[in-house]
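Since the structure comes first, as structure tokens, the remarks are kept for the end.
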Amino acid sequence: MDAISRRVHVLDAISNHTRPVSASLLARELNVSRQVIVGDVALLRAQGHEIIATARGYMIPSFNETNQYLGKIVCQHSPEKTQDELYVIVDLKAEVINVIVEHGFYGEITGSLNLASRKDVDAFIRKVNSSEIKLLSELTMGIHLHTIACRDKNHFNEVCKALETGGYLYR
16 MDAISRRVHV
26 LDAISNHTRP
36 VSASLLAREL
46 NVSRQVIVGD
56 VALLRAQGHE
66 IIATARGYMI
76 PSFNETNQYL
86 GKIVCQHSPE
96 KTQDELYVIV
106 DLKAEVINVI
116 VEHGFYGEIT
126 GSLNLASRKD
136 VDAFIRKVNS
146 SEIKLLSELT
156 MGIHLHTIAC
166 RDKNHFNEVC
176 KALETGGYLY
186 R
């Protein structure tokens, strides 16, 4: 398979899945190295395809059809409270699109999350706990932003109120 055909296959595989697709899985399917897939995705992005990398793999950004309102929240808490904070959001049927921190040297750093259920949150927390990698919020004394996908502004306000009640919103 030539490089162009391989990239078409990679784009199709990512586009046709609602869950992230790992570079390792694509590499095994196509009998190439993981790094070749990473390069293919970089080239696809340069061609204008919106592909995001999550902790679980690549995906085309989309949120639940019922979640049409995007809002940002500012939170602060210890790393041990991350799972609870994320549960508050997904239990209210909102989706955590990303996490954003303002780094003193690098500026704004954004990490794609795309968490819509407790299962997603649990997988994310397992991956964090099994690695040497720290949460982005640990770079900023726990202060971070999330982009949240909600049904509408009222739903977003409901999520904010629940996070405030839980002590997660930065004040």
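FYI, in our numbering the residues of the sequence shown are 16 to 186. C-beta: ideal position from N, C-alpha, C; glycine also.
8 Å Cβ cutoff met for residue i and residue j
i, j, result
"Ile112", "Ala70", "no"
"Leu151", "Gly126", "yes"
"Val143", "Tyr102", "no"
"Leu184", "Lys87", "no"
"Glu65", "Leu178", "no"
"Arg22", "Leu59", "yes"
Residues near residue i by beta carbon distance below 7 Å, same chain, minus five either side
i, result
"Ile52", "Val25, Ala38, Leu41, Ala42"
"Ser48", "Ala42"
First and last residue of the uninterrupted alpha helix (DSSP H) at residue i
i, result
"His64", "Note, His64: premise wrong, no alpha helix (DSSP H); not H, not E."
"Ile104", "97–106"
"Ser20", "18–30"
Bounding residues of the beta strand (DSSP E) (the contiguous stretch that carries residue i)
i, result
"Ile70", "The sequence given here places Ala at residue 70; Ile does not occur at that position. Per DSSP, Ala70 belongs to no beta strand (DSSP E) and is neither H nor E."
"Ile115", "110–118"
"Gln91", "84–91"
"Leu130", "122–130"
Cβ-based neighbour list, residue i, same chain, cut-off 8 Å, excluding 5 preceding and 5 following
i, result
"Ser93", "Gly157"
"Glu153", "Pro94"
"His198", "For residue 198 there is no data in the structure shown, the boundaries of the chain being 16 and 186."
Contacts around residue i, its chain only, beta-carbon distance under 6 Å, and the 5 residues preceding and following it disregarded
i, result
"Ile140", "Gln98"
"Gly72", "Pro35, Val36, Ser37"
"Thr223", "No answer is possible for residue 223: it lies beyond the span of the chain, which begins at 16 and ends at 186."
8 Å contact criterion, which residue i and residue j should meet: CB distance rounded
i, j, result
"Val174", "Ala131", "Going by Cβ atoms, the distance from Val174 to Ala131 rounds to 13 Å, so no, they are not a contact pair."
"Lys168", "Tyr84", "6 Å"
"Ser30", "Ile75", "5 Å"
"Leu128", "Val114", "6 Å"
ask   = Can you list, in chain order, the stretches of the beta strand (DSSP E) that have 3 or more residues and sit fully within the region 133–177?
value = For the region 133–177, whole beta strand (DSSP E) runs of length 3 or above, ordered along the chain, are 158–165.
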